[in-house]
Amino acid sequence: MINVFGRSISAPSHFTRFIILSTLSISLMMLDHRGHHLEKIRAGLNVLAYPIQLIAEVPAYVGHGVVDFFTTRRSLREDNEKLLAQQQTQLAKLQQFDALEEENNRLRRMLGSAARIADKALAADLVEVSAEPFTRKIVVSKGSQDGVYVGQPVIDAHGIMGQVTQVAGSVSRITLITDAGHAIPVLNNRSGLRALVFGTGDPDSLKIPYLTASADIKEGDTFVSSGMGGTFPPGYPVAQVVKIINDQNEAFLAITAKPAAQLNHGKQVLLIWPGNLPKVGNPK
Amino acid sequence: MNRDTHRRLVFFGSFVVAVILAIMPFPKWAEPFRPDWMGLVLIYWCLTVPERVSVGTGWLLGFIQDALYGSLLGSNALGKTLIAFLTVRLHLQLRMFPRWQQAVSVFGLLIANQLLVLWIRGAIGQAPDTFSYWTPSVVGALLWPWLFVLLRDFRRHGGLT
Numbered sequence: 000m001i002n003v004f005g006r007s008i009s010a011p012s013h014f015t016r017f018i019i020l021s022t023l024s025i026s027l028m029m030l031d032h033r034g035h036h037l038e039k040i041r042a043g044l045n046v047l048a049y050p051i052q053l054i055a056e057v058p059a060y061v062g063h064g065v066v067d068f069f070t071t072r073r074s075l076r077e078d079n080e081k082l083l084a085q086q087q088t089q090l091a092k093l094q095q096f097d098a099l100e101e102e103n104n105r106l107r108r109m110l111g112s113a114a115r116i117a118d119k120a121l122a123a124d125l126v127e128v129s130a131e132p133f134t135r136k137i138v139v140s141k142g143s144q145d146g147v148y149v150g151q152p153v154i155d156a157h158g159i160m161g162q163v164t165q166v167a168g169s170v171s172r173i174t175l176i177t178d179a180g181h182a183i184p185v186l187n188n189r190s191g192l193r194a195l196v197f198g199t200g201d202p203d204s205l206k207i208p209y210l211t212a213s214a215d216i217k218e219g220d221t222f223v224s225s226g227m228g229g230t231f232p233p234g235y236p237v238a239q240v241v242k243i244i245n246d247q248n249e250a251f252l253a254i255t256a257k258p259a260a261q262l263n264h265g266k267q268v269l270l271i272w273p274g275n276l277p278k279v280g281n282p283k
Numbered sequence: 000m001n002r003d004t005h006r007r008l009v010f011f012g013s014f015v016v017a018v019i020l021a022i023m024p025f026p027k028w029a030e031p032f033r034p035d036w037m038g039l040v041l042i043y044w045c046l047t048v049p050e051r052v053s054v055g056t057g058w059l060l061g062f063i064q065d066a067l068y069g070s071l072l073g074s075n076a077l078g079k080t081l082i083a084f085l086t087v088r089l090h091l092q093l094r095m096f097p098r099w100q101q102a103v104s105v106f107g108l109l110i111a112n113q114l115l116v117l118w119i120r121g122a123i124g125q126a127p128d129t130f131s132y133w134t135p136s137v138v139g140a141l142l143w144p145w146l147f148v149l150l151r152d153f154r155r156h157g158g159l160t
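Chains F and Y, in that order, give the protein sequences.
Counting from 0, one number per residue, gives the positions in the first sequence under numbering that gives the first Met the number 0.
Counting from 0, one number per residue, gives the positions in the second sequence under numbering that gives the first Met the number 0.
Written out as structure tokens, the structure reads:
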């Protein structure tokens, strides 16, 4: 028996409570999925969850610290030499790049098309990786304070990683291209074939469905973003075809690809503000 | 510290540890083997003290999980409510079972939860494609006998009978 406003009533049975809570869960899911009415609540929850995430990070952080501590001086010097050499060659390439960009813009102007504006970028640190098994999402340390917006493309040094799907004040959640709910419009770099690349939920594999046996595609082909749909800027590498299975009983080819970006490496990602797409947010 | 606060700390502490274990970063290869810690701890408390921990706690725990995972708000809450309800319903039988048979039942409960979550994720087009989606339940069931003993000592230490 419990007391409610001076009247004693018996507590509802487990079954009643189960039904009430299930209804509550289902309505929450509908609100969250259909109307996106819960963005504010979610942002608040993310802020509340942040300290717990920090505590959970501690063991991994200590582990990395210990490994770093025992990294020998020699390997550091080797790394340093390698990086210096790399920088030299890249600087040489960059000189050419500036000249080429100028030339490209001049040619485009002559052709009457808009000059391609360079994409702005902002580096963000990874805060958390793969909290839920089989959903490929990461949390980074830049949020709406820095002008990050929902739908913003995220890249690394090798290609497109994914897009921002939730933004809070100082952190945001990124859905990677390998997530089972993610798709991205692409273009075959060799043949110009248009396709869609879907995530599978597996950390290193993507699938390219809906292509028939007559499609011009080979193992080893690289797919770059096509810029269609307006979310991702065109021309960034997305995936490389690993295996094509042509089963006569199936209507479409079964194509497996691997992401171009190194989704499981590194501590930093780049958030970009595409130069030739309508801007929503601006970096500080 | 009075007895009641002490008891509350025992519940709260075990759930906090489960939440931290559930989101602790793992190496990539080990990730499919991470059991559903929150589900396991929830089953234990629903089994031993159903008058204190039941569907309400389950829902709250699932809600926290949704918030931490960034999954569809309410999906894991529904799954955990189901686990809690079934466990409370069956707690008299489950208590009588030998340990291995209990582990099999726990496997059933975890699978029911995963199936429900899979349906929900399928309905919104985010169903994972891999078979390893099911390994956490297997690992959870294998861990159950050890976890049971561990939590029992913890419970006795905390003065909950």
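Idealized CB from N, CA, C, for every residue including glycine.
Query                                                                                                                                                                                                      : Result
Would residue 64 of chain F be called buried (16 or more neighbouring beta carbons within 10 Å of its own) or exposed?                                                                                     : exposed
Enumerate in chain order the residues of its own chain whose CB-to-CB distance from residue 102 of chain Y is below 8 Å, with the five nearest sequence positions on each side excluded.                   : 140, 141, 143, 144
Below 8 Å CB to CB, which residues in the same chain sit around residue 168 of chain F once its five sequence neighbours on both sides are set aside?                                                      : 42, 46, 142, 143, 144
Determine the DSSP secondary structure at residue 174 of chain F, reduced to helix, strand or coil.                                                                                                        : strand
Could you give the DSSP three-state label for residue 70 of chain F: helix, strand or coil?                                                                                                                : coil
Could you list which residues in chain F have their beta carbon closer than 9 Å to that of residue 107 of chain Y, in chain order?                                                                         : The premise fails here: residue 107 of chain Y is roughly 17 Å from chain F at the closest Cβ pair, so nothing lies under 9 Å.
Identify, in the order they occur along the chain, each residue of the same chain with its Cβ nearer than 8 Å to the Cβ of residue 93 of chain Y, setting aside the five sequence neighbours on each side. : 46, 86, 101, 104
Please decide whether residue 281 of chain F counts as near chain Y, where near means a Cβ-Cβ distance under 8 Å.                                                                                          : Residue placement at residue 281 of chain F cannot be trusted, given a pLDDT of 46 that sits under 50; the coordinates are not used to answer.
Closer than 8 Å by C-beta to residue 21 of chain F: which residues in its own chain qualify, once you throw out the five before and the five after it? Chain order, please.                                : none
Would you please verify whether the beta carbon of residue 254 of chain F is less than 8 Å from any beta carbon of chain Y?                                                                                : no
Are the stretch 120–135 of chain Y and the stretch 8–20 of chain Y in contact at 8 Å, needing three or more beta carbon pairs?                                                                             : no
Please name the residues in the stretch 9–29 of chain F whose beta-carbon is closer than 8 Å to at least one beta-carbon of chain Y, in chain order.                                                       : 13, 14, 16, 17, 20, 21, 23, 24, 25, 26, 27, 28
Are residue 155 of chain F and residue 268 of chain F closer than 8 Å when you measure CB to CB?                                                                                                           : yes
Less than 8 Å separating the beta-carbons of residue 233 of chain F and residue 226 of chain F?                                                                                                            : yes
Using C-beta distances below 8 Å, list every residue in its chain close to residue 170 of chain F, excluding the 5 sequence neighbours before and after it, in chain order.                                : 45, 49, 126, 138, 139, 140, 141, 142
Taking the continuous alpha helix (DSSP H) assigned at residue 48 of chain Y, which residues delimit it?                                                                                                   : Careful: residue 48 of chain Y lies outside any alpha helix (DSSP H) and carries neither H nor E.
In terms of residues, what are the limits of the alpha helix (DSSP H) holding residue 138 of chain Y?                                                                                                      : 134–156
If we require 3 or more residues per run, which beta strand (DSSP E) segments fall completely within the stretch 45–83 of chain Y?                                                                         : none
Quick check on the DSSP output: the alpha helix (DSSP H) that includes residue 22 of chain F runs from which residue to which?                                                                             : 13–29
Hey, how far is the Cα of residue 261 of chain F from the Cα of residue 55 of chain Y?                                                                                                                     : 42 Å
According to DSSP, is residue 88 of chain Y part of a helix, a strand, or is it coil?                                                                                                                      : helix
Hey, is the stretch 5–16 of chain Y in contact with the stretch 244–252 of chain F, meaning 3+ C-beta pairs nearer than 8 Å?                                                                               : no
Report the start-end ranges of each beta strand (DSSP E) in the stretch 213–279 of chain F that is 3 residues or longer and not cut off at the edges.                                                      : 221–224, 236–244, 253–258, 267–272
Terminal residues of the continuous alpha helix (DSSP H) containing residue 158 of chain F?                                                                                                                : Looking at the DSSP string, residue 158 of chain F is not in any alpha helix (DSSP H), and its letter there is neither H nor E.
For residue 32 of chain F, decide whether its Cβ has a neighbour in chain Y, counting only Cβ atoms nearer than 8 Å.                                                                                       : yes
List the residues of chain Y that residue 54 of chain F touches, going by C-beta distances under 8 Å, in chain order.                                                                                      : 19
Taking contact to mean at least 3 C-beta pairs separated by less than 8 Å, is the stretch 66–77 of chain Y in contact with the stretch 24–39 of chain F?                                                   : yes
Can you tell me whether residue 62 of chain F sits near the ligand ATP, meaning its C-beta is under 7 Å from at least one heavy atom of the ligand?                                                        : The model depicted lacks the ligand ATP and carries no ligand whatsoever.
List, in order along the chain, the chain Y residues whose C-beta lies closer than 7 Å to that of residue 165 of chain F?                                                                                  : 69
May I ask which residues mark the beginning and end of the alpha helix (DSSP H) holding residue 110 of chain Y?                                                                                            : 98–122
Answer with buried or exposed for residue 156 of chain Y, where buried requires no fewer than 16 other C-beta atoms within 10 angstroms of its C-beta.                                                     : exposed
With the cut-off set at 8 Å, would you say residue 248 of chain F and residue 216 of chain F are in Cβ contact?                                                                                            : no
Under the rule that 16 or more other beta-carbon atoms within 10 Å means buried, what is residue 36 of chain Y, buried or exposed?                                                                         : buried
Give the range of the beta strand (DSSP E) segment to which residue 187 of chain F is assigned.                                                                                                            : 182–187
Can you name the start and end residues of the beta strand (DSSP E) that residue 198 of chain F belongs to?                                                                                                : 193–198
For chain F, find out if any of its Cβ atoms is closer than 8 Å to the Cβ of residue 55 of chain Y; answer yes or no.                                                                                      : yes
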